[in-house]
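Going down the list, the sequences are from chains D and L. Take 1 as the starting number for the first sequence in our numbering and just add one per residue. Take 1001 as the starting number for the second sequence in our numbering and just add one per residue. Heads up, the thing below is written out as structure tokens.
Protein chains: 2
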Amino acid sequence: MAARIGALEAGGTTLVLAVGDAKGNIKEQISMPTVEPERVVPEMAQWFADKKVDAIGIGAFGPTVVNPNNPDFGKICFTPKPGWSYYDFLGNMKAGCDVPMGYDTDVNVACLGEATFGCAKGLDSVCYFTVGTGIGAGVMVGGQLLHGMLHPEAGHILLNKLPYDPGNSVCPKHTCCFEGLASGPSIEARWGAKAVDLADRDEVWELEADYIAQAIEIYVTCYSPEKVIIGGGVAHQEQIFPMIRKKFLTYLNGYLSTKELDDIDNYIVPNSLNEKQGILGCLELGRRALEG
Amino acid sequence: MAARIGALEAGGTTLVLAVGDAKGNIKEQISMPTVEPERVVPEMAQWFADKKVDAIGIGAFGPTVVNPNNPDFGKICFTPKPGWSYYDFLGNMKAGCDVPMGYDTDVNVACLGEATFGCAKGLDSVCYFTVGTGIGAGVMVGGQLLHGMLHPEAGHILLNKLPYDPGNSVCPKHTCCFEGLASGPSIEARWGAKAVDLADRDEVWELEADYIAQAIEIYVTCYSPEKVIIGGGVAHQEQIFPMIRKKFLTYLNGYLSTKELDDIDNYIVPNSLNEKQGILGCLELGRRALEG
Chain D
1 MAARIGALEA GGTTLVLAVG DAKGNIKEQI SMPTVEPERV VPEMAQWFAD
51 KKVDAIGIGA FGPTVVNPNN PDFGKICFTP KPGWSYYDFL GNMKAGCDVP
101 MGYDTDVNVA CLGEATFGCA KGLDSVCYFT VGTGIGAGVM VGGQLLHGML
151 HPEAGHILLN KLPYDPGNSV CPKHTCCFEG LASGPSIEAR WGAKAVDLAD
201 RDEVWELEAD YIAQAIEIYV TCYSPEKVII GGGVAHQEQI FPMIRKKFLT
251 YLNGYLSTKE LDDIDNYIVP NSLNEKQGIL GCLELGRRAL EG
Chain L
1001 MAARIGALEA GGTTLVLAVG DAKGNIKEQI SMPTVEPERV VPEMAQWFAD
1051 KKVDAIGIGA FGPTVVNPNN PDFGKICFTP KPGWSYYDFL GNMKAGCDVP
1101 MGYDTDVNVA CLGEATFGCA KGLDSVCYFT VGTGIGAGVM VGGQLLHGML
1151 HPEAGHILLN KLPYDPGNSV CPKHTCCFEG LASGPSIEAR WGAKAVDLAD
1201 RDEVWELEAD YIAQAIEIYV TCYSPEKVII GGGVAHQEQI FPMIRKKFLT
1251 YLNGYLSTKE LDDIDNYIVP NSLNEKQGIL GCLELGRRAL EG
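Printed below as a string of structure tokens:
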């Protein structure tokens, strides 16, 4: 009988739980709000135990400790979310459902989902980032998700704030980081309306595309990915992709020459799995945990 | 009998050849200028063949193809160095000395040297960069050197050019990249003297430290390394390290909190192996190639 794999995509707002198989077929899925962990983690663990899953893959909001060699592996770091700071997420899940578990960040598992089932299938060096309420990057290097001291926090790279930008960084820590200048809240603060209601305002997307292009120049020179995938609300604004690609090539200015860059329309792309890249990545992470 | 391992550090100016053992003991070493490959590669291969080495590790100047899955693995990419563009470096070395060979960039092998024998021994996530004639980064992630489409070209990340900087980028491609603003030639162009002759000019090192600190903010948020190591001529200017650490912490502004960052004097450090990190990394790369 095929293994039953649990998938838990733990976002900052919503928790998505699913059961599926190693081929990416989801059989059942529920969701619940991300309230205090004491109220919701035992309930989630019980749900997976009731489903008799053989393994679970967890993609958690960060910052969190994802390096298995770290004694704090599976714990959430300091966070403004009530009750979650220093919470032993993985340990408490295991306490309620003792099966092999994979544990990584929400954006790393989304990257894994795209590399396993989506537009990066077959590639082993992939950069995925999401531009929404926040900006976060998931990175695969040589087939493995990038861990280190912690995990990428590449939404907080410093960019060049453009002189004609009428807004300011909304990041409380940085005056010119990517998240501060280009996240959904920064768009809303700058233009006085939500991004979805600004679709026909060219100046909004020209500016947004410029910051995203700067960030991709940095990601490409740092990670040398075989593909760059953009998720989050911005990826729904199809008109932005040609702008991003053009501005990125201008910033790179021919410094690198590869067959991937020659095919820029397939190099910088929107996410491909209809917002299921995260939960499918959790499934793959669970499968890998079962394999050991 | 212990394996005899060949090491070839192929820099843009000098080629260093050595024979040693897996423990990092170098028995013999020679060097020669980096002239056209047809004149020097067969001679180097013969030298290693005469020494009866069991394997060779090669650290090559970039850009070059370091991903073993790429059909062009071991070839140099376009380069201004006469004769080297698209040269099959690894193939021609094998033609003259058919032993297992590891092949990577000069900065990746320096990173490997530090992670195997130097100040990053025992760590598996390390960022090494050299600030000299150019700026290049070598990166270890999860114990493996970072490869992808190509390799890191993280000397060309875009930085914020400071308003009080009296100079301009010397990079022909980028108006504000790290190499353009902070390499040895940029220091010389800006201040009218070589870096080594400017040791007592505080403003030189304050500015240099700022660009390096900006770059480290980006490397730390992108790679999440357990240690950041600086090599090249700048690492000889000991007075710059306290400035770099202070400015880096200002740029990061408390966004991340880890035990490594709490010990900042041991987090951002100069290279530790007395300029032998590259050739020792080649030795380790050769050892890994022998193990297969």
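Ideal Cβ positions, reconstructed from N, Cα and C, are used throughout, including at glycine.
Do residue j and residue i have their beta-carbon atoms positioned less than 8 Å apart in this structure?
i	j	result
residue 36 of chain D	residue 83 of chain D	yes
residue 22 of chain D	residue 7 of chain D	no
residue 1031 of chain L	residue 1013 of chain L	no
residue 272 of chain D	residue 119 of chain D	yes
residue 1281 of chain L	residue 1233 of chain L	no
residue 230 of chain D	residue 129 of chain D	yes
residue 1228 of chain L	residue 1267 of chain L	yes
residue 158 of chain D	residue 1255 of chain L	no
residue 1141 of chain L	residue 1219 of chain L	no
residue 253 of chain D	residue 1174 of chain L	yes
residue 167 of chain D	residue 199 of chain D	no
residue 1124 of chain L	residue 1102 of chain L	no
residue 1115 of chain L	residue 1131 of chain L	no
residue 1257 of chain L	residue 78 of chain D	yes
residue 1068 of chain L	residue 1290 of chain L	no
Using the three-state DSSP reduction, which class does residue i fall into: helix, strand or coil?
i	result
residue 1109 of chain L	helix
residue 1176 of chain L	coil
residue 157 of chain D	coil
residue 1140 of chain L	strand
residue 1237 of chain L	coil
residue 14 of chain D	strand
residue 265 of chain D	helix
residue 1281 of chain L	helix
residue 231 of chain D	strand
residue 77 of chain D	coil
residue 1145 of chain L	strand
residue 1152 of chain L	coil
residue 259 of chain D	helix
residue 272 of chain D	coil
residue 19 of chain D	strand
residue 116 of chain D	helix
residue 122 of chain D	coil
residue 102 of chain D	strand
residue 59 of chain D	strand
residue 1128 of chain L	strand
residue 1094 of chain L	helix
So which residues of chain L does residue i contact, with C-beta pairs closer than 9 Å?
i	result
residue 256 of chain D	1063, 1077, 1149, 1150, 1153 and 1156
residue 125 of chain D	1067, 1146, 1147, 1148 and 1149
Find the residues of chain L that neighbour residue i, judging by a C-beta separation of less than 8 Å, and give them in chain order.
i	result
residue 281 of chain D	Simply none; closest approach about 18 Å.
residue 367 of chain D	Since the first and last residues shown for chain D are 1 and 292, residue 367 of chain D lies out of range.
residue 284 of chain D	By Cβ distance, chain L contributes nothing, its closest Cβ being about 17 Å from residue 284 of chain D, past 8 Å.
residue 218 of chain D	1157, 1158, 1218 and 1222
residue 114 of chain D	Chain L residues near residue 114 of chain D: none, gap ~15 Å exceeds 8 Å.
Looking only at C-alpha atoms, which of the options sits nearest to residue i?
i	options	result
residue 164 of chain D	D:194, D:208 and D:145	D:208
residue 269 of chain D	D:172, D:283 and D:226	D:226
residue 113 of chain D	D:244, D:145, D:136 and D:94	D:145
residue 1196 of chain L	L:1239, L:1214 and L:1228	L:1239
residue 4 of chain D	D:40, D:16, D:48 and D:11	D:48
residue 214 of chain D	D:259, D:121, D:274 and D:249	D:249
residue 378 of chain D	D:222, D:205, D:124 and D:2	Any answer about residue 378 of chain D is impossible in this case: the structure gives chain D only from 1 up to 292.
residue 1016 of chain L	L:1288, L:1277, L:1203 and L:1289	L:1277
residue 1217 of chain L	L:1149, L:1181, L:1131 and L:1247	L:1247
residue 147 of chain D	L:1076, L:1221 and L:1193	L:1221
residue 1283 of chain L	L:1010, L:1259 and L:1025	L:1025
residue 237 of chain D	D:261, D:194, D:264 and D:260	D:194
residue 1050 of chain L	L:1263, L:1096 and L:1011	L:1096
residue 1262 of chain L	D:149, D:192 and D:133	D:149
residue 1071 of chain L	L:1020, L:1090, L:1056 and L:1029	L:1090
residue 1034 of chain L	L:1056, L:1009 and L:1171	L:1009
What residues from chain D crowd round residue i, counting only those whose CB sits closer than 7 Å?
i	result
residue 1236 of chain L	By Cβ distance, chain D contributes nothing, its closest Cβ being about 26 Å from residue 1236 of chain L, past 7 Å.
residue 1144 of chain L	142
Is residue i close to the ligand HEM? I mean its beta-carbon at under 7 Å from any heavy atom of the ligand.
i	result
residue 39 of chain D	Although the ligand HEM was asked about, the structure shown includes no ligands whatsoever.
For residue i, which residues in chain D fall below 8 Å Cβ to Cβ?
i	result
residue 1214 of chain L	158
residue 1225 of chain L	148 and 149
residue 1260 of chain L	149
Could you tell me which chain L residues have their CB closer than 7 Å to the CB of residue i, listed as they occur along the chain?
i	result
residue 119 of chain D	Correct list: empty, because the minimum Cβ distance to chain L is about 16 Å.
>> Three Cβ pairs or more, each shorter than 8 Å: is that satisfied between the segment 50-67 of chain D and the segment 142-160 of chain D?
In response: yes
>> When you compare the segment 1200-1219 of chain L with the segment 1234-1253 of chain L, are there three or more beta-carbon pairs, one atom per stretch, that lie closer than 8 Å?
In response: Touching, per the Cβ criterion.
>> Assess contact between the segment 1095-1107 of chain L and the segment 1131-1149 of chain L, defined as three or more Cβ pairs (one per stretch) separated by less than 8 Å. Is contact present?
In response: Touching, yes.
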